[in-house]
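Numbering (the working numbering), first residue to last: 1 to 118. Using N, Cα and C, we set each Cβ at its ideal position, and we do this for glycine too. Everything on this sheet refers to the single structure shown next.
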Amino acid sequence: VGFCPVKLGMMSNRLQSGMNSLQGFREDKRNRITPVSYVNYGPYTSYAPTYDSSFSNISKDDSDLICSLFGEEAGPQGPDSSLKDFLAKSDEYVYKMADNVLDALTNGEHSKSLKENQ
């Protein structure tokens, strides 16, 4: 009573004519997070606002949390202070792991050939 089986056509969009695949996924614009933008007036900032929240859709506290995690585009940052710094340094680790896997597969011949080529 009232039971309708779920079919694949109900769960996906229709195929366009001449296309043999479904359209790619596109994220809704309403799900995008826009933090507050911080304003720098230089030395004349005594009574000027320090941030602009006209286009943001999250609070200033949440924006500060995101900026502390991911870092800012400009400004001095200490070592390991942001996720961007960590990801920039992770390339070396990934290359070492790949070299170790290749050494395991070739019984150490990969590292020997790298040393010979240098």
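Using the C-alpha atoms, what's the distance from residue j back to residue i?
i, j, result
"I58", "L65", "11 Å"
"F55", "S68", "20 Å"
"V60", "I33", "With the sequence shown as reference, residue 60 is identified as Lys, and Val is not the correct amino acid for it. When rounded, the distance between both Cα atoms is 12 Å."
"N31", "L105", "44 Å"
"G108", "L114", "10 Å"
"A98", "E116", "18 Å"
"R26", "Y44", "43 Å"
"S12", "D91", "38 Å"
"F3", "K96", "56 Å"
Which residue or residues does DSSP assign as beta-bridge partners of residue i?
i, result
"S37", "D52"
State buried or exposed for residue i, treating a residue as buried only when at least 16 other CB atoms are found within 10 Å of its CB.
i, result
"V94", "exposed"
"V6", "exposed"
"K112", "exposed"
"S17", "exposed"
Could you pull out every residue in the same chain whose Cβ sits closer than 7 Å to the Cβ of residue i, ignoring the five residues on either side in sequence?
i, result
"T50", "Y38 and V39"
Grab me the residues of residue i's own chain with a C-beta within less than 6 Å of its C-beta, minus the 5 sequence neighbours each way, in chain order.
i, result
"L102", "H110"
"M10", "none"
"V36", "Y51, S53, S56, K60 and S63"
Are the C-beta of residue i and some C-beta of chain C separated by less than 8 Å?
i, result
"S37", "Included in the structure is just one protein chain, with no chain C present."
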